[in-house]
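What follows is a single structure, written as structure tokens, with notes after it.
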Amino acid sequence: MSKVTPYNSSESKKKQVSEMFDNIANSYDFLNHSLSLGMDNVWRKIAIKKLTNNPKIILDIATGTGDFAVSAAKYTDAKITGIDISQGMLNVGVEKVRKKNLNNRISLQLADSESLPFNDNTFDAITAGFGVRNFENLNKGLSEMKRVLNK
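Structural data, given as structure tokens:
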């Protein structure tokens, strides 16, 4: 699969996606909730309740502002690690986690889903909301997810 550069072909898709989300980070949650008419909360709840084997450690890929991670903390007893390539989105997420007093359950970090900084077989479950659409190399990202998933 070739790399996808949908906006400006002289820059990588990752760089463009990261910059775009950095620019909209402070209004992202409002827009996401408004445009989905609040259904994004329902979708996350349904997805989390479908997790099997009572996961103890969850990785949230492209966590953005951490909504999926916060929902996972609400409906499971797991520890959750969220990763994203946008520092702006993570900054909003870190503040959200702090305000909800979930620092002991959720950690958010800057990382690339196509080169995960975790050992093989680390996570019991992996969630990915809408971020997979932004992978520059889908096969590489999915392979990395498979690698770190505890089989």
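Going left to right, the sequence shown walks through residues 23 to 173 as the numbering used here numbers them.
Backbone N, C-alpha and C fix where the C-beta goes; we use that ideal spot for every residue, glycine too.
These numbers were taken from a predicted model, which means no experiment stands behind them.
- Listed in chain order, the alpha helix (DSSP H) elements of length 4 or more contained wholly in the segment 52–108 are 61–71 and 89–97.
- The three-state secondary structure of residue 43, taken from DSSP, is helix.
- Rounded to the nearest whole angstrom, the CA to CA distance from residue 141 to residue 39 is 26 Å.
- Here DSSP, grouped into helix, strand and coil, assigns residue 129 to strand.
- Fewer than three pairs of CB atoms, one per stretch, sit closer than 8 Å, so the segment 146–157 makes no contact with the segment 125–133.
- CA-to-CA, the gap between residue 137 and residue 57 works out to about 31 Å.
- With respect to the 7 Å criterion, residue 94 and residue 70 are classified as neighbours on the basis of their beta carbons.
- Residue 144: not part of any beta strand (DSSP E); DSSP gives it neither H nor E.
- In this structure, DSSP gives residue 171 an extended state, which the three-state scheme calls strand.
- Excluding residues up to 5 positions away in sequence, 87, 88 and 92 lie with their Cβ nearer than 7 Å to the Cβ of residue 118 in the same chain.
- From the listed residues 62, 113, 52 and 149, the smallest Cα separation to residue 44 is found for 113.
- Using a 10 angstroms sphere on the CB of residue 77, the tally of other CB atoms reaches 16 or more, which defines it as buried.
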